[in-house]
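In the working numbering, the protein residues as written are 10 to 245.
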């Protein structure tokens with residue numbers, strides 16, 4: 010019964026803090042997703058470019074951030090940004106300490122990791138689209154941008170959706186790493202509650218259920234998006 014009291018809302022329980030952690034975890038993942046998708050898309054375009062320098066830069070980027078552990082990337086971004094801003098401020102004549110917001114640092118770190126994997130998903134999707142689709146756009150007098158927007162992009166999204174759905178689930182799990190730099194997400198709040206109450210199994214068990222719930226909801230959403238994309242293609 011005492012353990013159940015720990016789950017109360019208000020000053021006597023930890024449900025408020027855990028709920029806040031869920032909100033921060035979901036917010037971090039949702040804020041990271043569009044940034045990672047945008048960078049990953051342009052990386053895929055760069056890898057297909059006729060410009061060798063662009064291809065090389067994109068390959069180096071993805072090799073680095075696919076090869077580094079996520080935790081190391083987070084530390085490099087969090088502490089590296091602080092050092093960089095401090096040095097810049099000193100060069101401009103400003104003195105004083107600067108601390109990077111953990112949410113922003115986490116979003117940047119997760120975005121570069123997510124984008125490096127997303128670029129490979131987009132690249133595979135690009136290669137799955139027949140070259141004749143581009144030629145058809147040219148025959149219709151469409152510009153490259155119009156061909157990309159009206160012909161290629163709908164097919165690209167449909168082909169890439171399963172891979173992007175898997176990356177989203179990985180992103181949700183990777184948000185747990187951000188707790189090491191002080192972000193009050195699910196893992197950090199569960200860890201604090203476990204240390205204070207000595208009920209580690211209870212609170213880490215709750216964290217497991219919350220991550221699984223987020224994963225199940227995400228799977229349902231992506232399944233519906235995939236079905237909608239297939240129906241749209243069938244009507245076309």
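Here a beta-carbon is modelled for each residue, glycine too, at the ideal position from N, C-alpha and C.
Open item on the list: Using a Cβ-Cβ distance cut-off of 8 Å, determine whether residue 163 contacts chain D.
Closed with: The chain labelled as chain D is not found in the depicted structure, where only one protein chain is given.
Task: Separation of residue 202 from residue 223, as counted between CA atoms - done: 21 Å
TODO: Round the Cβ separation of residue 118 and residue 168 to the nearest angstrom and send it over; I've been treating them as touching at under 8 Å.
DONE: At roughly 28 Å, the Cβ-Cβ gap does not stay under 8 Å, so residue 118 and residue 168 are not in contact.
Task: residue 6, buried or exposed, once every other Cβ within 10 Å from all chains shown has been counted against 16 - done: The question about residue 6 has no answer here: the residues shown for the chain are numbered 10 through 245.
Task: Exposure of residue 155, with buried meaning 16 or more beta-carbon neighbours within 10 Å - done: exposed
Open item on the list: I need the straight-line Cα distance from residue 199 to residue 22, nearest angstrom please.
Closed with: 12 Å
Open item on the list: Nearer than 7 Å: is that true of the beta carbon of residue 60 relative to any heavy atom of the ligand MN?
Closed with: Only the bare structure without any ligand can be found here, which leaves the ligand MN out of the picture.
Open item on the list: Suppose contacts are defined by Cβ-Cβ distances below 8 Å. Is residue 124 in contact with residue 172 by that definition?
Closed with: no
Task: Per-residue DSSP class, three states only, for residue 194 - done: coil
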